[in-house]
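Worksheet for the structure shown next.
Numbering (the UniProt record's numbering), first residue to last: 1 to 451.
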């Protein structure tokens, strides 16, 4: 009961934070620095046996807060969350060390370095070397450092749920902010293009991506962490609200990623639970599907049916669009051509974007981390992808305790294929798949025998 009250209070607090920041955006900086000092204090002062858990909570919170702070300009820099995740896990490494079996991720980090030297010779004179390199490599570096720390670290199922909750809470604040920012969507949605105004004034791709993460977490809480009917109602209501705000961005990638991850989780969870729990799960799935239908219908009405046309790959007049990928396939092909032209050392970090500026005058950033890695790192990019895909699968063959493993891996892979590594979320989600989830041992109470 106390846990439920704490959960509801935390949700309410973050809803209020989102509202206050809408009315006074300068509060975003206070929010950011308050969270930063709080988590640094917790990590440093907590006892060693709880260090890992505190580091994960801190990382999770700043993963959840990242796009909200970019929207409101509350953080110290655009890439602050990535750097803070790296800072937190390096503090964790100082206290808790790393697993000797995580050495492939050291190679992964080393394989990123040559592209910097290649870029120093291939980037155009006008390009800002430091910012271009930092933008492209901060995400992959964040993943490597987080994976090093998380590999085989022990957490309990309840602790992992708490880590997911810490990612969710800032998303609640962000969602409330968006409701205040665009209360009437019919005024701003006039076509089927991704809509910045409906996304709180920031990039719809990133907003939909983190809201998709929130949808996944709330769906999991509905199925797994809602022991009472009031909690089920609360979680499905929050899921509906967050799904609505994600859908009306008209950016599809984050929604698809959430659906793929949730299907992966439900398949694993169904095989994990007993027969009685499976029957309950099927009933909950019926309620869940009805809520999705209701949210979609309401969202479609609010967007003047632009939502249906967007997902049917049609324009506002109902005509079929030629390219369902909105230009992503062309970018993918260009980057594969870059890999073919420079297969050994690649074209260098950020050169793909720089080359597009030279050719067309537009610095379009890659949406696909796989093709970007191959183009900019060459044969080392192939090695990087092999490590990222096969090392977790090998670990899974040795340790099958984490029922979120495939969900996390699917969410990571789907995200990097539609949004690249623009945000810290895919890096941290990938690292969570490497945790060793162990059941808590209940203390034994032995009765003393009377003499």
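All residues carry an ideal CB built from backbone N, CA and C; glycine is no exception.
In this text the structure is predicted, and so the values were computed from the model without any measurement.
Taking C-alpha positions only, residue 182 is separated from residue 198 by approximately 6 Å. Taking all protein chains in view, the Cβ of residue 41 is surrounded by fewer than 16 other Cβ atoms within 10 Å, so the residue is classified as exposed. Where residue 384 is concerned, the enclosing alpha helix (DSSP H) starts and stops at 379 to 398.
Looking only at 247, 242, 222, 235, the smallest Cα-Cα distance to residue 280 is reached by 222. Considering only 170, 90, 54, 403, the residue with the shortest C-alpha distance to residue 207 is 170. Residue state for residue 320 is assigned as strand, using DSSP reduced to three classes. The residue from 275, 291, 409, 193 with its alpha-carbon nearest to that of residue 309 is 193. If you compare the alpha carbons of 21, 172, 249 with that of residue 9, the shortest gap goes to 172. Each of 66, 90, 257 was checked against the Cα of residue 32, and the nearest Cα belongs to 66.
Shown here, residue 73 sits in coil according to DSSP, grouped into three states, outside any helix or strand. With fewer than 16 other beta carbons inside 10 angstroms of its own, residue 401 counts as exposed. Beta-bridge partners of residue 267 (DSSP): none assigned. Between the beta-carbon of residue 219 and that of residue 411 there is about 12 Å, and that puts the pair past the 8 Å contact cut. When only Cα atoms are considered, residue 89 and residue 282 end up about 39 Å apart.
With a threshold of 16 other beta carbon atoms within 10 Å, residue 62 meets it and is buried. Comparing C-alpha distances from residue 45 to each of 24, 91, 408 shows the shortest one belongs to 91. In the structure shown, residue 287 falls within a helical segment according to DSSP collapsed to helix, strand and coil.
With a cut-off of 8 Å on Cβ pairs, the region 128 to 148 is not in contact with the region 20 to 37, counting fewer than three such pairs. Residue pairing by DSSP places residue 436 opposite 154 in a beta bridge. Of all C-beta pairs linking the region 419 to 438 to the region 388 to 406, three or more are shorter than 8 Å, placing the two stretches in contact. Here the alpha carbons of residue 245 and residue 179 stand approximately 8 Å from one another. In the pairwise beta carbon analysis, the region 263 to 273 is classified as not touching the region 230 to 250: fewer than three pairs are separated by under 8 Å. Note on geometry: alpha-carbon atoms of residue 342 and residue 375 lie some 8 Å from one another. In the DSSP assignment, residue 418 falls within the unbroken alpha helix (DSSP H) covering 405 to 418. Look at residue 232 here: in three-state DSSP terms it is helix. The DSSP-derived three-state label of residue 314 is strand. At the C-beta level, residue 256 and residue 21 stay beyond 8 Å of one another. A Cβ-Cβ separation of about 18 Å leaves residue 414 out of contact with residue 142 under the 8 Å criterion.
Between the region 98 to 114 and the region 378 to 398 there are three or more inter-stretch CB-CB distances shorter than 8 Å, so the stretches are counted as touching. For residue 96, the enclosing alpha helix (DSSP H) stretches over residues 80 to 96.
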